[in-house]
Amino acid sequence: MNFFSVIMPTYNQAHFIRRAILSLYEQTYPNWELIIINDGCTDETEMFISDFLDDARVVYIKNENNQGLGYALNQGLKVAKFDLIAYLPSDDYYFENHLEMIEAPFRQDKDVVLVYTGVCYDISDSLIRANDTESKGVRKGFEMQLVQVAHKKVNERWVERSEWISDDLFAMYWRKLTIHGSFIRISDITCFWTPHPFQRHSIISEKHGGGLNRVRSHYKIQHPIRIRIAKEKFWDEYELYSDFKNITPAVEEQESLKILIVGELAYNPERILALEQAGHKLYGLWIPEPRCCISTVGPLPFGHVEDLSNSNWQEEIKRVQPDVIYALLNWEAIVWSCSILKTFPDIPFVWHFKEGLSVSLRAGNWDKLIYLFVHSTARIFLNEVVKRWFEQFIPSDGLFLIMDGDLPKLDYFKENFSSKLSSKDGEIHTVVAGRMFGISDRELDILVKNNIHIHLYTENYHAAKAKQLAHYCRKYPHYFHIHPHCPPGRWTEEFSKYDAGWLHCLRSDNKGNLLKATWDDLNIPARVSTYASAGLPIIQRDNSGNIVAVEECLRRLDIGVFFSDFYDLSKKLRDKERMNILQENVLKERKQFSFDYHIPELISLFREAIKKKRNG
């Protein structure tokens, strides 16, 4: 008769875990041991399971800190006494016949190495009318889940966090088992995979609202990580930030500032090291549990910033006594920042808001956002248009600066330019770094007929348009190209191969009325800096007569290719003389699209804010 070693990894799921354990105790198949791996829980898990720990069938392992799911599963495999391995994550549960059903194929066929059952994953009741609630095999869009699988114990190990973090962790292990025997599916639904916002895939995958920084925050990871957050999007922080971790900060002088960065950092978080390189001391007070996938919180993977405890933030600020608070933030940090400003009104507070205006309104934080602007010692606006827009709500006097909040570090503006693809084949090659908005099928046809290529560098956003993009690849195999995500360190080398870069080709309809301006009208997309690093002219639909911030910027610097329709665009992209002038202009102005470029005026603003606060 077969016995199961049931491995239960758990991290801060005290509110689920008893249900899971009781579902094992209620099995019709009695031959099992339970291996509970407490992977650094900080909740009341031990209190909830204490009455099970005296059972001789229960093995309990406790990690002082969270080590990750792969590590915990390997711990379980190492101590497992029996030849059949089953899994019971602490937020899931078995139906009473699960082990009995899953054991039979192992007994009947010695070549079987893995058995999986059907799984239930949602409940349809009078409050929630869910159509998709269960599967007789693998849920569409997912891999086999731990709770529905059992396998023979073999000499294979799970990928651990120190190696790689991926939503494909399960699939990677199942693939290892294929060489050891056959897989059997049991169509009976014998277990429940519990839906909730803190499932592993929801924390990791951008497709489900997760991301690198949510992983770091949720699991309290103190070191750089390697992670796959989308199909074609990988981040290796060891490689990405290796140069920054080893930088030598400038010697702090008598007039060096202690700068407290409050809230979170969005795109290009390493930019703030330019402040340290200018000789200033940096501290970080980060929002707990950020939900936005682009938000970065400490501990920062590039180091050089002293993190303050957000559980004791009042005392921490008193200890540090910063000269200035720099709130370089997104919409998510509004409430947090407001509390800090109200608690320490005597510390100069510089508010630098990037985006999320409409989101702030919908979230019910608009009053707090305006409070921050009104009561800040100094304000930093994304651009002149955003400044005018906010002056609809706030007084126009006081200290201010115009500066994009997400500019990358100058380190990414390299000199390793590549030869143009167009110099080799005589055709026009354009690039989209991110989402492709505003190009219809008919307009794409026009580009192709004029021998104009589009090179799309994939992001998670493309998952929803996978069929459409696959269609483009089949229809235009010579002109539509999809490439993997390009990290900042390769921007110049990779994107300089092309002739021009696309922004969102959206039509504005505000007719010059600021009240009708949307975020698309107010924003300057982050990809402007990306293209600037590579010396690329920037393609933008001509929205003359409307208020469009990015258009004002591109026209002022004369670095944009503005078009009325795609026939007009095709003609302009072929004007070599004009395109060369635009490229020269971008190369001349490119450094102003870096954070480092603005450090002198930013420090000057800080000093003025300090002076203003001292003088009352």
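The sequence shown: position 481 = 1000 (our numbering), numbered continuously. Using N, Cα and C, we set each Cβ at its ideal position, and we do this for glycine too.
Beta-ladder partner(s) of residue i, from DSSP
{"i": "ASP886", "result": "Its beta-bridge partners do not exist; DSSP assigns none."}
{"i": "GLN664", "result": "DSSP output for GLN664 lists no bridge partner at all."}
{"i": "THR529", "result": "ASN557"}
{"i": "LEU779", "result": "TYR802, ILE844"}
{"i": "PHE999", "result": "ILE973"}
{"i": "PHE753", "result": "ARG747"}
{"i": "ASN582", "result": "ASP558"}
{"i": "ALA669", "result": "ALA605, VAL634"}
{"i": "SER685", "result": "ARG747"}
{"i": "TYR613", "result": "CYS710"}
Span of the alpha helix (DSSP H) around residue i
{"i": "LEU759", "result": "756-759"}
{"i": "GLN1102", "result": "1095-1108"}
{"i": "ASN593", "result": "588-598"}
{"i": "GLU552", "result": "Element bounds for GLU552: not the alpha helix (DSSP H) but the beta strand (DSSP E), 551-558."}
{"i": "LYS659", "result": "Segment: none, LYS659 is in no alpha helix (DSSP H) and carries neither H nor E."}
{"i": "ALA785", "result": "Element bounds for ALA785: n/a, residue is neither H nor E."}
{"i": "LYS1132", "result": "1118-1133"}
{"i": "LYS994", "result": "985-994"}
{"i": "ARG576", "result": "Where ARG576 is concerned, there is no enclosing alpha helix (DSSP H), given that its DSSP letter is neither H nor E."}
{"i": "ASP623", "result": "Note on identity: in this sequence residue 623 is Ala, with Asp being the wrong assignment. ALA623 -> alpha helix (DSSP H) spans 617-627."}
{"i": "HIS720", "result": "719-723"}
{"i": "THR564", "result": "564-568"}
{"i": "SER1113", "result": "Looking at the DSSP string, SER1113 is not in any alpha helix (DSSP H), and its letter there is neither H nor E."}
Contact test: residue i Cβ vs the ligand SAM heavy atom, cutoff 7 Å
{"i": "HIS974", "result": "No copy of the ligand SAM appears in this structure; indeed no ligand is present at all."}
Buried versus exposed call for residue i [16 or more other C-beta atoms within 10 Å across all chains shown]
{"i": "ILE526", "result": "buried"}
{"i": "SER645", "result": "With a pLDDT of 47 at SER645, under the threshold of 50, the predicted position of this residue should be treated as unreliable, though the coordinate-derived value follows. That one is exposed."}
{"i": "ILE853", "result": "buried"}
{"i": "LEU1034", "result": "exposed"}
{"i": "MET566", "result": "exposed"}
{"i": "ALA575", "result": "exposed"}
{"i": "LEU776", "result": "buried"}
{"i": "GLN532", "result": "buried"}
{"i": "GLY589", "result": "buried"}
{"i": "ALA539", "result": "buried"}
{"i": "HIS981", "result": "Low confidence applies here, because HIS981 scores a pLDDT of 48, under 50, leaving its location unreliable; read the following figure in that light. Under this definition HIS981 is a buried residue."}
{"i": "MET520", "result": "exposed"}
{"i": "GLU583", "result": "exposed"}
{"i": "ALA1045", "result": "buried"}
{"i": "LEU572", "result": "exposed"}
{"i": "LYS502", "result": "Outside the shown range of the chain (520 to 1135) lies residue 502, about which nothing can therefore be said."}
{"i": "LEU1121", "result": "buried"}
Delimiting residues of the beta strand (DSSP E) encompassing residue i
{"i": "TYR606", "result": "603-606"}
{"i": "ALA1036", "result": "ALA1036 -> no beta strand (DSSP E), and no H or E assigned at all."}
{"i": "MET520", "result": "Note, MET520: premise wrong, no beta strand (DSSP E); not H, not E."}
{"i": "PHE702", "result": "701-711"}
{"i": "TYR635", "result": "631-639"}
{"i": "ILE735", "result": "With the sequence shown as reference, residue 735 is identified as Arg, and Ile is not the correct amino acid for it. Element bounds for ARG735: not the beta strand (DSSP E) but the alpha helix (DSSP H), 731-738."}
{"i": "VAL678", "result": "Careful: VAL678 lies outside any beta strand (DSSP E) and carries neither H nor E."}
{"i": "HIS871", "result": "868-872"}
{"i": "ALA897", "result": "897-900"}
{"i": "TYR692", "result": "No beta strand (DSSP E) holds TYR692; the alpha helix (DSSP H) holding it covers 688-696."}
{"i": "ILE748", "result": "745-749"}
{"i": "ILE1166", "result": "Here the chain covers residues 520 to 1135 and nothing more, so residue 1166 does not appear."}
Neighbour flag for residue i against chain C, beta carbons, 8 Å
{"i": "LEU819", "result": "Included in the structure is just one protein chain, with no chain C present."}
Assess contact between the stretch 626-637 and the stretch 541-556, defined as three or more Cβ pairs (one per stretch) separated by less than 8 Å. Is contact present? Cβ pair count under 8 Å is below three, so no.
Per the contact definition of three or more C-beta pairs closer than 8 Å, is the stretch 1060-1071 in contact with the stretch 890-899? Taking a cut-off of 8 Å on C-beta distances, the stretch 890-899 does not touch the stretch 1060-1071, as fewer than three cross pairs fall below it.
Mind pulling the alpha helix (DSSP H) runs of 4 or more residues that sit fully within the stretch 904-978? 941-944, 960-968, all fully within the stretch 904-978.
Answer yes if the stretch 915-928 comes into contact with the stretch 1114-1130, meaning at least three C-beta pairs across the two stretches below 8 Å, and no otherwise. Using a Cβ-Cβ distance cut-off of 8 Å, the stretch 1114-1130 and the stretch 915-928 are in contact, since at least three pairs of beta carbons, one from each stretch, lie closer than that value.
Please go through the stretch 1006-1090 and give each complete alpha helix (DSSP H) segment of 4 or more residues, from N-terminal end onward. Complete alpha helix (DSSP H) runs here, min 4: 1010-1014, 1038-1041, 1046-1052, 1068-1076.
Taking 8 Å as the cut-off, does the stretch 707-726 touch the stretch 771-785 (at least 3 CB pairs, one atom from each stretch)? With the cut-off at 8 Å, the stretch 771-785 and the stretch 707-726 do not touch.
Within the chosen definition, does the stretch 909-916 reach the stretch 988-1000 through at least 3 CB pairs nearer than 8 Å? No: fewer than three Cβ pairs fall under 8 Å.
With three or more C-beta pairs closer than 8 Å as the rule, is the stretch 1010-1023 touching the stretch 943-951? Yes, they touch.
Taking only runs that begin and end inside the stretch 799-864, name each unbroken alpha helix (DSSP H) of 4 or more residues, in chain order. Qualifying alpha helix (DSSP H) stretches, in chain order: 832-839, 853-862.
contact_flag[the stretch 1094-1107, the stretch 734-751] where n(CB pairs < 8 Å) is 3 or more: They do not touch, by the three-pair rule.
Would you check if the stretch 679-686 and the stretch 607-624 touch, i.e. whether three or more CB-CB distances between them fall below 8 Å? Counting Cβ pairs under 8 Å, fewer than three are found: no touch.
Would you say the stretch 851-868 touches the stretch 794-808, given that touching needs at least three Cβ pairs under 8 Å? By the Cβ criterion, the stretch 851-868 is in contact with the stretch 794-808, since at least three pairs of Cβ atoms, one from each stretch, lie closer than 8 Å.
Should the stretch 792-803 be called in touch with the stretch 725-745, which here means at least 3 C-beta pairs below 8 Å? Result no; under three Cβ-Cβ pairs closer than 8 Å.
For the stretch 666-677 against the stretch 695-703, do three or more pairs of beta-carbon atoms, one drawn from each stretch, fall closer than 8 Å, so that the two count as touching? Two segments are said to touch when three or more pairs of C-beta atoms, one from each, lie closer than 8 Å; by this definition the stretch 666-677 touches the stretch 695-703.
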